[in-house]
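Residue numbers (the numbering used here), protein chains in the order written: chain A, 11 to 283; chain B, 11 to 283.
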């Protein structure tokens, strides 16, 4: 079997940086190291970290001592306030690109704009940004018109561009001033483009990454549109041999939080079909 | 024949204001009164004003004395500089909404944005705005992508909304920050909506106004899409009797610079068919 991979694959910049920070803290810390939610949306990586004493917690307010790691998606304002007030040690592994979304959003609010965040209202990144606006913002998941004077727009870093354009374009006609920060991160844009290009050259695509990873799931949807014969797998264990009948070339791509190791194992397995 | 008119018809706010200012000056002035280009794009009105001693000139730099009227569309920066340097009396009848386009554009330039003006590059309003940017701006007449960091957008006051949205939406994906001032004037928006609504209720539409009037021509195009049986006429003299065969209801609308008087004459003529 011929296997082709997208050029940019494995952890993105923000995830690589966060994992490095957590591992360093885990090796040095004498007390517990907590992450607010799983550090990244990849169950395999979360398991590896748990073995090193890094424990994901959902309820920050139960932590009384130790180190708290802010994951790539960022933290909610009330959570940060509690952690600071309690005097816990902080390792801020929020992706700098995610922080930029928050900064733009807060600036827009300060300047009197009605702030729109385009993204998934249940995604921790969006929840984080909204919390720093004291919930004074509108989350748009799909096209909708707004009848406001000044509207400022930011978006989830892992949003796909078509969704962004489709939602923004509905806002143009209805407002007097529309100020848009395209906060889709470079990595998301580059990887999406590479995945689409690769899809056209192969008989089947495999998108590797956590089923709960927002950007992997979106990547799968985008790739699936171009190449209907596409599967979303978490690990090599999800691969089914009957997928490979009459298939000569397979393309592999992954999410921002998919470890190189998992990609390598998948690649090796596919080559043997 | 049943005749229906759009509610808002005749001179718009800016044109009414400009004509009033010119007439007042013509009555009081002892010297010549010049307008830079025709005061409005309506030949009938320009003739009436000429009888009162108001002369349109194309080349401002030939004026050595008297009063210069800045028309609704505004003036070019170099023209204003010459007029001020020469010490001519100025009556600034630039429409306040047009001035707002210029002010937003100059602010965007000052703030480091690449300025995009959406509109007709040959229209005096667009030429005026561009001149105040020292020609450091991009005029877009149709959809085009731009690969810039910060882009600021304004548009011609008489642009139709669909054109505006279609051009802006092409810019969304390619820039990091996009700041859009929707400078289409209220009057243009309201009148366009009224014209479209009326088109659906009649057998034929007449759009009355100067053939060189940008906003009348655009209104005609928009109305023609909804009601294919639409004619653009300058005066009642352009009306052809054979248009009215099997027609029971006629809708009348006009441009921002079409005098009430012309509308009235057209209405009377049509009623008699």
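Glycine residues also receive a C-beta, built at the ideal position from the N, C-alpha and C atoms.
Taking 8 Å as the CB-CB cut-off, is residue i touching chain A?
i, result
"residue 174 of chain B", "yes"
"residue 158 of chain B", "no"
"residue 171 of chain B", "yes"
CA-CA distance, residue i and residue j?
i, j, result
"residue 194 of chain A", "residue 22 of chain A", "13 Å"
"residue 268 of chain B", "residue 138 of chain B", "22 Å"
"residue 280 of chain A", "residue 215 of chain A", "11 Å"
"residue 126 of chain A", "residue 112 of chain A", "12 Å"
"residue 54 of chain A", "residue 30 of chain A", "16 Å"
"residue 9 of chain B", "residue 174 of chain B", "As shown, chain B starts at 11 and ends at 283. That puts residue 9 of chain B outside it, with no answer to give."
"residue 202 of chain A", "residue 187 of chain B", "21 Å"
"residue 20 of chain B", "residue 232 of chain B", "18 Å"
"residue 40 of chain A", "residue 179 of chain A", "52 Å"
"residue 11 of chain B", "residue 133 of chain B", "37 Å"
"residue 246 of chain B", "residue 183 of chain A", "35 Å"
"residue 158 of chain A", "residue 162 of chain B", "19 Å"
"residue 144 of chain A", "residue 88 of chain A", "9 Å"
"residue 60 of chain B", "residue 221 of chain B", "19 Å"
"residue 62 of chain A", "residue 211 of chain A", "41 Å"
"residue 73 of chain A", "residue 47 of chain A", "13 Å"
"residue 95 of chain A", "residue 115 of chain B", "46 Å"
"residue 164 of chain B", "residue 104 of chain B", "17 Å"
"residue 197 of chain B", "residue 24 of chain B", "10 Å"
"residue 274 of chain B", "residue 118 of chain B", "43 Å"
List the DSSP bridge partners of residue i.
i, result
"residue 259 of chain B", "B:12"
"residue 80 of chain B", "B:102"
"residue 218 of chain B", "B:243, B:264"
"residue 191 of chain B", "A:187"
"residue 286 of chain B", "Not covered by the structure: residue 286 of chain B. The range shown for chain B is 11 to 283."
"residue 125 of chain A", "A:162"
"residue 148 of chain A", "A:126"
By Cβ distance below 7 Å, which residues in the same chain neighbour residue i in space, the five residues on each side in sequence not counted?
i, result
"residue 17 of chain B", "204"
"residue 169 of chain A", "128, 129, 194"
"residue 93 of chain B", "70, 78, 100"
"residue 258 of chain B", "12, 213"
Using a Cβ-Cβ cut-off of 8 Å (strictly less than) and excluding sequence neighbours within five positions of residue i, which residues of its own chain qualify?
i, result
"residue 171 of chain A", "194, 199, 202"
"residue 77 of chain A", "35, 39, 41, 42, 43, 44, 98, 99, 100, 101"
"residue 263 of chain A", "15, 16, 19, 201, 204, 205, 208, 215, 216, 217, 218, 229, 233"
Under 6 Å Cβ to Cβ from residue i, same chain only, skipping five residues before and after it: list those, please.
i, result
"residue 176 of chain B", "153"
"residue 147 of chain A", "125, 127, 140"
"residue 108 of chain B", "84, 135, 167"
State yes or no: is the C-beta of residue i nearer than 7 Å to some heavy atom of the ligand GTP?
i, result
"residue 136 of chain A", "With respect to the ligand GTP, the structure offers nothing, as it holds no ligand at all."
>> Counting only Cβ-Cβ distances shorter than 8 Å, please list the residues of the region 179-199 of chain A near chain B, keeping chain order.
In response: 179, 182, 183, 185, 186, 187, 188, 189, 190, 191, 192
> Taking Cβ-Cβ distances below 7 Å as the criterion, which residues of the region 97-112 of chain A are in contact with chain B?
Replying inline: none
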